[in-house]
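In the numbering used here, the protein residues as written are 2 to 323.
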């Protein structure tokens with residue numbers, strides 16, 4: 002008898018889940034576009050976590066003698082000889098190193114994006130599951146709230162709330178979570194409605210499971226996959242929202258570095274010192290594009306039909322390369 006047949010059912014389930022996760026990871030890494038997106042996101046995350054070790058200069062250090070220096074320029078000593086580490090991406094109007102500010106700004110922008118996505122995802126998913134499972138009055142009230150808030154422009158609502166409570170990191174996270182929970186609610190409700198009349202839910206009710214156990218044991222695991230994909234897309238949207246609000250002066254405030262704030266500070270120098278705006282804009286573009294590409298790949302590989310095509314495409318590419 003093989004080892005597989007001698008395993009207990011729980012052990013076979015664990016092994017099956019582990020094998021599926023490994024296949025998904027391997028499938029994502031086989032695709033060149035997805036691999037590049039994951040690589041870019043990994044580098045940005047590493048830079049954000051180890052900003053103190055990676056940044057070549059002090060992101061808050063100012064020196065007007067070094068203002069608006071082009072990329073790869075270096076500071077000069079008393080004899081006008083280049084000295085010190087070069088400013089790889091140039092300096093801003095206050096003589097601060099742009100690369101160092103981008104690295105520290107990654108920490109701020111990513112923290113805002115991920116924190117807001119987690120808070121809004123938790124609130125929206127909870128309300129959506131309650132609406133889809135219990136239906137009736139709870140469903141009507143929650144979905145009418147969704148309809149009302151979706152009728153208000155997101156940016157306008159965020160600006161009004163931030164104007165009332167003030168700007169800042171914590172307020173920005175709270176406001177972005179408030180204005181983005183509806184997407185999770187609609188998706189979670191739709192997935193829960195599809196599962197509510199499934200035979201395994203009826204069986205769980207028949208054997209005496211409580212509603213709480215059914216929700217957390219059966220509903221949540223089955224709706225988590227599309228919600229994770231939505232969350233990946235939402236992080237990209239929230240990073241763009243944070244940059245836009247900071248650009249308008251309602252988000253992160255000086256002297257804290259932020260990608261949107263860097264663009265706002267350099268917009269009047271765009272004709273004479275293009276690098277001040279170009280490099281923060283480029284990193285915003287690469288981050289949001291990578292997140293969208295990763296979300297598209299996750300959506301494709303989580304669908305049983307598209308997953309087969311995905312692995313077939315990866316196997317064909319591996320054979321052609323070999």
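Just so it is clear, CB atoms sit at the ideal spot from N, CA and C, and this is done for glycine as well.
(request) Please work out which residues of its chain come closer than 6 Å, Cβ to Cβ, to residue 178, disregarding the five sequence neighbours upstream and downstream, and give them in chain order. (result) 117, 120 and 121
(request) Would you identify the three-state DSSP class for residue 62, choosing helix, strand or coil? (result) coil
(request) Under 6 Å Cβ to Cβ from residue 296, same chain only, skipping five residues before and after it: list those, please. (result) 230, 233 and 234
(request) Let me know if residue 1 comes out buried or exposed under the rule of 16 or more other beta-carbons within 10 Å of its beta-carbon. (result) No answer is possible for residue 1: the residues shown for the chain start at 2 and end at 323.
(request) Spell out a yes or no on whether the segment 97-112 and the segment 248-261 are touching, meaning 3 or more CB-CB pairs, one atom from each, closer than 8 Å. (result) yes
(message) Run through the DSSP bridge pairs and tell me what residue 74 is partnered with.
(response) 88
(message) Helix, strand or coil for residue 227? Go by DSSP, reduced to three states.
(response) helix
(request) Could you spell out where the alpha helix (DSSP H) holding residue 341 opens and where it closes? (result) Residue 341 falls outside the range modelled here, since the chain spans only 2 to 323, and no answer is possible.
(request) Take residue 111 as the anchor and find which of 197, 174 and 271 has the nearest alpha-carbon. (result) 174
(request) Please state whether DSSP places residue 7 in a helix, a strand or coil. (result) With a pLDDT of 45 at residue 7, under the threshold of 50, the modelled position of this residue cannot be trusted, and the question is left open.
(request) Using 10 angstroms around the beta-carbon of residue 9, count the other beta-carbons present and answer buried if the total reaches 16, otherwise exposed. (result) Residue placement at residue 9 is flagged as unreliable, the pLDDT there being 39, under the threshold of 50; the coordinate-derived value follows with that caveat. Residue 9 should be labelled exposed.
(request) Name the residue from 260, 272, 52 and 300 whose alpha carbon lies nearest to the alpha carbon of residue 113. (result) 260
(request) With DSSP as the reference, label residue 287 as helix, strand or coil. (result) helix
(request) Could you tell me which of 157, 291, 227 and 220 sits nearest to residue 245, measuring between CA atoms? (result) 157
(request) For the alpha helix (DSSP H) containing residue 210, list its first residue and its last residue. (result) Taken as a continuous stretch (DSSP letters only), residue 210 belongs to no alpha helix (DSSP H), as it is neither H nor E.
(request) Can you grab the Cα-Cα spacing for the pair residue 257 / residue 140, in whole Å? (result) 42 Å
(message) DSSP three-state label for residue 93, please.
(response) coil
(message) What residue range does the alpha helix (DSSP H) around residue 258 cover?
(response) Unbroken run through residue 258: none, as it is neither H nor E.
(message) Using CA atoms only, rank isn't needed, just tell me which of 294, 71, 38 and 56 is closest to residue 276.
(response) 71
(request) Could you check how far apart the C-beta atoms of residue 95 and residue 63 are, in whole angstroms? I think they sit under 8 Å. (result) 5 Å
(request) List the residues that DSSP assigns as beta-bridge partners of residue 281. (result) Answer is none; residue 281 lacks a bridge partner.
(request) Inspect the CB distances between the segment 126-138 and the segment 188-195 and report whether three or more fall short of 8 Å. (result) yes
(message) Which of the three DSSP states is assigned to residue 83 in this structure?
(response) strand
(request) State yes or no: is the beta carbon of residue 48 nearer than 8 Å to at least one beta carbon in chain B? (result) No chain B appears in this structure, which consists of one protein chain only.
(message) Please classify residue 263 as buried or exposed, where buried requires at least 16 neighbouring CB atoms within 10 angstroms.
(response) buried
(request) Look up residue 98 in the DSSP assignment and say whether it is helix, strand or coil. (result) strand
(message) Let me make sure I understand the geometry here. Which of 184, 212, 208 and 185 has the alpha-carbon closest to that of residue 197?
(response) 212
(message) What does the Cβ neighbour count give for residue 60, buried or exposed, with the cut at 16 atoms within 10 Å?
(response) buried
(request) Below 6 Å CB to CB, which residues in the same chain sit around residue 125 once its five sequence neighbours on both sides are set aside? (result) 182, 185 and 186
(message) Taking the straight line between their C-alpha atoms, what separation do you get for residue 58 and residue 98?
(response) 6 Å
(message) Using a 10 Å radius around the Cβ and a threshold of 16 neighbouring Cβ atoms, would you call residue 4 buried or exposed?
(response) Confidence is the limiting factor: at residue 4 the pLDDT is only 44, short of 50, which leaves the residue's position unreliable and the question unanswerable from this model.
(message) Let me check understanding here. Comparing Cα to Cα, which of 162, 189, 91 and 93 lies closest to residue 135?
(response) 189
(message) So, for residue 48: in the same chain, excluding its five sequence neighbours on each side, which residues have a beta-carbon less than 6 Å away from its beta-carbon?
(response) 55, 104 and 107
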